[in-house]
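Shown next, in structure tokens, is the structure this report addresses.
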Amino acid sequence: MAVTPNDVAAGDSKQQFLQIKGVTKKFGDFYAVDDVNLVIPKNEIFALLGSSGSGKSTLLRMLAGMETPTEGRIILDGEDITDQSSYHRPTNMMFQSYALFPHMTVEQNVAFGLKQDKVPKDEIIERVGKLLDLVQMRKYAKRKPHQLSGGQQQRVALARSLAKRPKLLLLDEPLGALDKKLRVQTQFELVNVIETVGVTCIMVTHDQEEAMTMASRIAIMSEGKLEQVGGPREIYEFPNSRFTAEFIGSTNIFEGRLSVDEPDHIVIDSADLGRGIYVDHGITGPKGMTVWYSIRPEDITLCRQKPDSQYNWAEGKVHDIAYLGSHSVYHVQLTSGRIVIANVPTSHWGSEKPATWGDEVVVKWSDGANGWVPGSVLTK
Amino acid sequence: MIKSLLQRWLPQGRTGVIAVPYVWLLFFFVLPFFFVLKISFAEPDISQPPYTPLVKQEDNKTTVVLDTSKYKTVFGEVDAFFEKSWSEAKEESQYLVAYWNAIKLAFFTMVLTLLIGYPIAYNIARSNEATRNTLLMLVMIPFWTSFLLRVYAWIGILKNNGVINNILLATGMINEPIEMLYTPGSVLLGMVYNYLPFMILPLYAHLVKLDSRLFEAAADLGAKPWTTFFQITLPLSKAGIIAGCMMVFIPAVGEYVIPALLGGGDVVFIGNKLMDDFGANLDWPQASAVAVIMLVLLGGPIVWFHRIEQKQQEAE
Amino acid sequence: MSRMPLSNRIFMGLGFFFLYAPILSLVIYSFNESRLVTVWGGFSLKWYEVLINDADLLHAAGLSFKIAFMSATLAVVLGTIAGFVLARFGSFRGHTLFAGLTTAPMVMPEVIVGLSMLLLFVALQTGMGCSAEGGPQGLWARLGCWAFGERGMITIWIGHTTLCMAYVAVLVQSRLKELNRSLEDAAMDLGCHPFKVFFVITIPVISQALVSGWLLSFTISLDDYVLTAFLSGPGSTTMPQWIFSSIRLGLTPEINALATIVIVVVSVFVVISNRLMLSAQAKRDKAMQAAFAQGGSAH
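Listed below in structure tokens is the structure:
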């Protein structure tokens, strides 16, 4: 097996525990994964987030050795594992819908990987016992998978994938088979177990809430490419493209032209808004270029009086309201015809009568007079 | 060292696994057809084996003799249909008539098994799970019982002093027993009876996969039961109909046992012709020529059938 | 699901009457005292007695069972591999031909298959030097003579195996198609070599299909007349051949008795295996419900 010379300093090897270098997977003419580069430090929980067909599962299967990359290398803990078959790799996967062996008991399922490595019997018994304790499944050790509920099956699958103490744990839609209520509880349980064991972990999910709850960093994938990589907060608050902004949470995007470009602020002329959008940081680009401005619904407020500011507001009519308890989602149609979404806290209206269908309202957000301006400017 | 040598010579795991059944089928299923083709050009001979070799060696000269007379026996008298009277031509072209009879028989068997089998398969597929299992089991039991014995049963029923004639005579509905056995009708009856499960099972397998909500949706949108059947069920079970028809038609063309046991001698089918040439006449080259022509005739339907199967599987 | 309409019930009734009336008449007349098969002469078990004292038949039945056992076993081995290749290996060179070949023996008229195989065996016999003057010389020729010289058990075995493996391949392939592939991926991911995965995961999971494939092959082989007629030699008469020639000689009530035994054995067998399968399914459903009820309350 080829081992690349470890040219990484000892301190960096933890930082560069997993390196994905220019990995590409073609099926015929179709690029399922297109030149992905990624470095993941030791003990991180990392999420690949994307819709179906984005290439996230193919990337995961290449990490597990179930697909061979057309191009590129995968280096784990200083060792090039690209050409290692899945049964030799120090990675283990928790499969979507778990793939528990139906003809084996819980215990036998968890012990399966250790038996393949010819671990002594006493040790297998001991390690399986500890794992079952860890996931609180010891009392179900003798059961067959079909005698378990979905949540129990998930825990057995987790124990099985941890049994061989893999260097890299791969989770394929780990909670996708559970109903929503159970999913939320299990997210935290799962993170606890992974952190207790201290394993580097890559998960694939299409559920952004799951990714944001569990992972310390997230990569957004689309059409085989990584759109953006960053912490949950970073990708939510500073999306680098319209795709990311629209994919994570909901947002309002205004297209416009750069009309003022100063080092400390810019102004974007927006036809939809009918006035300029003031942003308190500069960008690099020629004047007059097309840019997009994304602002989250919770950063927009509604009021009945026109503000005296020059920027960042517009008049409109309430077009639709969804009452969600803690807040309401307002769809306001601007005079330009454009619909703007605003989340308005229920407490916002105070003693005033809340705005209702057909009411004339003003949508606005901070223009920097009180410091910080929300939203982000996107160039693609 | 030895290991690496072995690895060089032995096929890789994947290829090796494919090779086992593949080589078996090529050797015992495909290769034999070439022998049939070869022997069809030989002449019968009283020797062991009972045909002449194609390659002859005389005075250090090697000659290959291809004797096409066996094909001429089959096709030779085609002209008769244009020149002589119909009955004379039929008399002289026994092989062509036997092919035609076999295709007719296979076709009617196919149509009748479809007409009887479709409603049965449909009703089994649409009943609830417990009933479905029982009904399917009832279809399967005769199928698992010996085929020969099922043919034999009909002899006892159809013959002149058989069950039906006995009942009819006893009730006074007839005075003379009706001639039923050893007629084309009894052959067709035996064929339909024995091939019915081959039609029902593929039909059932396709029909049971249809989501019952489709029918509910059609009814909800105002379709009457028959409209639902013709617009929804029938188009969606097309693949099953084709599979069932091919499972019946192709083997039925070469059927031997049923005509041999239930048929009279006057209507000859090609399967029996082949068996006679092979057994009684010991004319293996003639039997081979008959088989080659049958294979060419059935080649089209077989390839078509596999295309559709393949497409179906890709769709799944 | 709603009950079947009356018209459909009547049709089903007639359909099943058509399927079962001949079988029923066989059974009834097997207890007939009279030699004339269809004239009732009182209840008797004498044809069963004749049957079990017929040495020819017993010999033929013994040979048939032996061949059926061997054919079913080899057909399951080869058919399972073929079905596995078709369901799991994706595309390879010659895939279409292979897929066609696997199922072709199911539909190909048996007279063609039988004749062509016979000609192959004759050619093999000559080719291996068995028919050389002065008897077979050397190991190869001896092998040729042993397998193909006096056609019989071995040639029939090869023929039946080729026919039956098609059925097994179809059964295995469809079972594997509905089975989640990730089971095998998971085993490999846990360090199991693909070769071993096949034996410790795939085979146990599809075991039910293998059992039904074996049973189906066994009955097909036990029942086959045409292939056997081509592939058997003078010394090897199988049960279907015995039945066929007895029928041609005229009706004998002995065959009714034989048929009754076959029918009873098959029916009992099918009913029991069906019940077992159903109750296993019911047990599994119940366990699953219990697990979900428990899982629900635990959280």
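Protein chains in written order, with the numbering used here: chain A, 1292 to 1671; chain B, 267 to 582; chain C, 122 to 420. From the three backbone atoms N, C-alpha and C, an ideal C-beta is built for every residue, glycine too. Since the structure is predicted, the reported quantities are computational estimates derived from the model, not experimental observations.
Shown in chain order are the members of the segment 503-533 of chain B whose Cβ falls below 7 Å from a Cβ of chain C: M512, M513, I516, P517, V519, G520, Y522, V523 and L527. For Y1621/A, there is no enclosing alpha helix (DSSP H); the enclosing beta strand (DSSP E) covers residues H1618 to L1625. DSSP places C285/C in the helix class (H, G or I) of the three-state scheme. Collapsing the DSSP output to three states places H1610/A in a strand. Note that the C-beta distance between L1469/A and A1450/A is not below 8 Å.
Collapsing the DSSP output to three states places P1636/A in a strand. Across the segment 303-318 of chain C, CB contacts with chain A closer than 9 Å involve S303, L304, E305, D306, A307, A308, M309, D310, L311, G312, C313, H314, P315, K317 and V318, in sequence order along the chain. With respect to chain A, the C-beta atom of A408/C has a partner C-beta closer than 8 Å. Using a Cβ-Cβ cut-off of 8 Å, M1384/A counts as an interface residue toward chain C, since at least one Cβ of chain C sits closer than that to its own. Collapsing the DSSP output to three states places W1604/A in a strand. Non-local C-beta neighbours of S353/C in its own chain, meaning closer than 8 Å and more than five positions away in sequence, comprise R272, G273, T276, I277, T359 and Q362, ordered along the chain. Linking K1597/A to P1554/A through their CA atoms gives a straight-line distance of about 29 Å. For M1357/A, no beta strand (DSSP E) run applies, since DSSP gives it neither H nor E.
Per DSSP, Q1596/A is not a residue of any alpha helix (DSSP H), being assigned neither H nor E. Between G270/C and C251/C, the CB-CB gap stays under 8 Å. Flagged as an interface residue toward chain C: M541/B, by a C-beta distance shorter than 8 Å. Taking a beta-carbon distance threshold of 8 Å, I322/C counts as an interface residue toward chain A. Residues L300 and L304 of the same chain have their beta carbon placed closer than 8 Å to that of V326/C, with the five preceding and five following residues left out of the count.
If you draw a straight line from the Cα of I1311/A to the Cα of L1473/A, it is about 33 Å long. Contact annotation: F1545/A and Y1584/A have beta-carbon atoms nearer than 8 Å. Chain A has a Cβ within less than 8 Å of the Cβ of V326/C. With the rule of 3 Cβ pairs closer than 8 Å, the segment 122-141 of chain C does not count as touching the segment 524-533 of chain B. Around the beta carbon of N326/B, a 10 Å sphere encloses fewer than 16 other beta carbons of the protein chains shown; the residue is thus reported as exposed. The C-beta of I312/B comes no closer than 8 Å to any C-beta of chain C. Straight through space, the alpha carbons of T397/B and A557/B are spaced by roughly 44 Å. Under the Cβ distance rule, D344/C counts among the residues neighbouring chain B, one pair being separated by less than 8 Å.
Of the residues assessed, L127/C falls on the exposed side of the cut-off, its CB having fewer than 16 other CB atoms within 10 angstroms. Proximity of chain B to V387/C at the Cβ level (cut-off 7 Å) is accounted for by I407, W410 and T411, in chain order. The C-alpha of P316/B lies about 44 Å from the C-alpha of V148/C. The C-alpha of S412/B lies about 37 Å from the C-alpha of F496/B. The three-state reading of DSSP puts M1395/A in coil, since its state is none of H, G, I, E or B. Residue-level contact by beta carbon fails for R369/C and chain A, as no gap is shorter than 8 Å. For V1652/A, there is no enclosing alpha helix (DSSP H); the enclosing beta strand (DSSP E) covers residues E1651 to K1655. The continuous beta strand (DSSP E) containing E1518/A extends over residues K1516 to G1521.
Rounded to whole angstroms, the Cβ separation of T1349/A and A1323/A is 4 Å, and the two are in contact under 8 Å. Counting every other CB atom within 10 Å of its CB across the protein chains shown gives H1572/A a total below 16, marking it as exposed.
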